[in-house]
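Peer 1:
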Amino acid sequence: MRILVVEDEKRLADSISKGLRQEGYAVDTVYDGQDGLAMASSEEYDLILLDVMLPGIDGVSLTQKLRDEEKKNTPVLMLTALSAVHNKVKGLDAGADDYLAKPFDFEELLARVRALSRRPVTALRPVLKMGGLKIDTNEKEVFLNSNKINLSKKEYFLVEYLAKNEGKTVSKEELIAHVWDYDADILPNTVEKFIGSIREKMGNKYIKTVRGFGYKLIHSKK
């Protein structure tokens, strides 16, 4: 899962980004509204954490531009010290999906992130079951026939992203864009190595290679 953090308080932004990376998320961080709009418009993110009071362009205006001009439906979680009801309403009316007032507990932030990550087009449920495979998106754990599979964080997010697109062929480039940071120096054969490792742990029947196009997670009844 790839997240964009737009926050002008550098220490807070870096702290949030560090914590999210420790949880296995791919995170890009910018410190003003103009850079945030540029990144959100040109890159594909699963979630945007957006401060309201930003230099260049404020968070409310940025959200409106994303929704109205860029036609982006990326979930937006607004972060702000302005906790009055009318400020929340203004942000939500602009197109934000959720609102978290500062100061906040990091565990609550993680809970909001998990909740919003289940809202995209496929309406990902907390627990996905596909034959003998079970994916717990809250705990970030994968089970095969009730036995936990010990995946690394990147391996887990590759499986989760394929699960969000069950039956759809996902290219290596798309997997890189959603599972690794913008600045990460990842090559297509790196994805092949991760997929190979996942198959060693959970078998070959769930992830199918579509030669020349990418991979897809399929529902196996066996």
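Heads up: the sequence shown begins at -7 in the numbering used here, then just goes up one per residue.
Beta carbons: idealized from backbone N, C-alpha and C, even for Gly.
Judging by CA-CA distance, which residue of V162, V183, R59 is the nearest neighbour of G206?
Peer 2: Along the sequence shown, one-based indexing puts residue 206 at 214. It is V162.
Peer 1: What three-state label does DSSP hand T55 in the structure shown?
Peer 2: Looking up residue 55 in the sequence shown gives position 63. T55: helix per DSSP, three-state reduction.
Peer 1: For V113, count the other beta carbons within 10 Å of its own beta carbon; 16 or more makes it buried, fewer makes it exposed. Which is it?
Peer 2: Taking the sequence shown and counting its residues from 1, one reaches residue 113 at position 121. Residue confidence is low: V113 scores 44 on pLDDT, short of 50, so the model does not pin down where it sits. Its coordinate-derived value is still stated next. So V113 ends up on the exposed side.
Peer 1: Alpha carbon to alpha carbon, how far is D0 from L102? Give it in angstroms, no decimals.
Peer 2: Counted from its first residue, the sequence shown places residue 102 at position 110. Counted from its first residue, the sequence shown places residue 0 at position 8. Going from the Cα of L102 to the Cα of D0 covers about 20 Å.
Peer 1: If you count every other CB in all the chains shown that lies within 10 Å of the CB of N157, and 16 or more means buried, which is it?
Peer 2: Here residue 157 is taken as the residue at index 165 of the sequence shown, counted from 1. Burial call: buried.
Peer 1: When you compare only the Cα positions, how much space is there between T66 and D43?
Peer 2: Taking the first residue of the sequence shown as position 1, residue 66 is located at position 74. Taking the first residue of the sequence shown as position 1, residue 43 is located at position 51. If you take the alpha carbons of T66 and D43, they lie about 15 Å apart.
Peer 1: Tell me which residues share the same chain as Q26 and place their Cβ nearer than 7 Å to its Cβ, disregarding the 5 neighbours each side in the sequence.
Peer 2: Working through the sequence shown from its first residue, we reach residue 26 at position 34. Answer for Q26: G48, I49, listed in chain order.
Peer 1: State buried or exposed for F96, treating a residue as buried only when at least 16 other CB atoms are found within 10 Å of its CB.
Peer 2: Within the sequence shown, the letter at position 104 stands for residue 96. Classification of F96: exposed, given that the 10 Å Cβ count is below 16.
Peer 1: Apply the 10 Å Cβ neighbour rule to F149 and answer buried if 16 or more other Cβ atoms are within range, or exposed otherwise.
Peer 2: Along the sequence shown, read from residue 1 onward, the residue named residue 149 stands at position 157. With 16 or more other Cβ atoms within 10 Å, it is buried.
Peer 1: Considering Cα atoms alone, identify which of L143, A169, K208 is closest to K132.
Peer 2: As a first step, residue 132 is located in the sequence shown; it is residue number 140 there, counting from the start. Closest option to K132, Cα to Cα, is L143.
Peer 1: Among residues of its own chain, excluding the 5 on either side of D38, which ones have a beta-carbon nearer than 8 Å to its beta-carbon?
Peer 2: For the purposes of this step, residue 38 is taken as the residue at position 46 of the sequence shown. Counting only Cβ-Cβ distances below 8 Å, and skipping sequence neighbours, we find M(-7), R(-6), I(-5), T66, P67, S109, P112, H170.
Peer 1: Buried or exposed, going by whether 16 or more other CB atoms sit within 10 Å of the CB of R3?
Peer 2: For the purposes of this step, residue 3 is taken as residue 11 along the sequence shown, with counting starting at 1. R3 comes out exposed.
Peer 1: Does DSSP put L108 in a helix, a strand or coil?
Peer 2: Looking up residue 108 in the sequence shown gives position 116. It is helical.
Peer 1: Considering only their Cβ atoms, is the gap separating K208 from K160 smaller than 8 Å?
Peer 2: For the purposes of this step, residue 160 is taken as the residue at position 168 of the sequence shown. For the purposes of this step, residue 208 is taken as the residue at position 216 of the sequence shown. Cβ atoms of K160 and K208: closer than 8 Å.
Peer 1: In the structure shown, what three-state DSSP assignment does V22 receive?
Peer 2: Position 30 of the sequence shown holds residue 22. Here V22 sits in strand by DSSP.
Peer 1: How many Å lie between G87 and Q14 at the Cα?
Peer 2: For the purposes of this step, residue 87 is taken as residue 95 along the sequence shown, with counting starting at 1. For the purposes of this step, residue 14 is taken as residue 22 along the sequence shown, with counting starting at 1. Each residue's Cα considered, the two are about 29 Å apart.
Peer 1: Could you compute how far the alpha carbon of Q56 sits from the alpha carbon of I141?
Peer 2: Here residue 56 is taken as the residue at index 64 of the sequence shown, counted from 1. Here residue 141 is taken as the residue at index 149 of the sequence shown, counted from 1. Using only the alpha carbons, I get a separation of about 42 Å.
Peer 1: Taking the alpha helix (DSSP H) that M194 falls in, what are its first and last residues?
Peer 2: Taking the first residue of the sequence shown as 1, we reach residue 194 at position 202. It spans 180 to 194 - the alpha helix (DSSP H) in which M194 sits, taken as one unbroken run.
Peer 1: Exposed or buried, A115, counting other C-beta atoms within 10 Å across all chains shown (16 or more means buried)?
Peer 2: Counting from 1 along the sequence shown, the entry for residue 115 is found at position 123. Any reading at A115 must be qualified, since the residue scores a pLDDT of 45, below 50, and its modelled position is unreliable; the value itself is stated next. Under this definition A115 is an exposed residue.
Peer 1: Secondary structure at L39, three-state DSSP: helix, strand or coil?
Peer 2: Taking the first residue of the sequence shown as 1, we reach residue 39 at position 47. Note: L39 maps to strand in three-state DSSP.
Peer 1: Could you round the C-beta distance between V(-3) and L41 to whole angstroms and report it? I think they count as a contact, below 8 Å.
Peer 2: Here residue -3 refers to the residue found at position 5 of the sequence shown. Here residue 41 refers to the residue found at position 49 of the sequence shown. So it is a contact: roughly 5 Å between Cβ atoms.
Peer 1: If I'm right that G51 touches M70 with Cβ under 8 Å, what's the distance once you round it to whole angstroms?
Peer 2: The residue you call residue 51 lines up with position 59 of the sequence shown. The residue you call residue 70 lines up with position 78 of the sequence shown. With a Cβ gap of about 6 Å, G51 and M70 count as contacting.
Peer 1: Work out the CA separation of T21 and D6 for me, nearest whole Å.
Peer 2: As a working note, residue 6 is residue 14 in the sequence shown. As a working note, residue 21 is residue 29 in the sequence shown. The alpha-carbon atoms of D6 and T21 are separated by roughly 8 Å.
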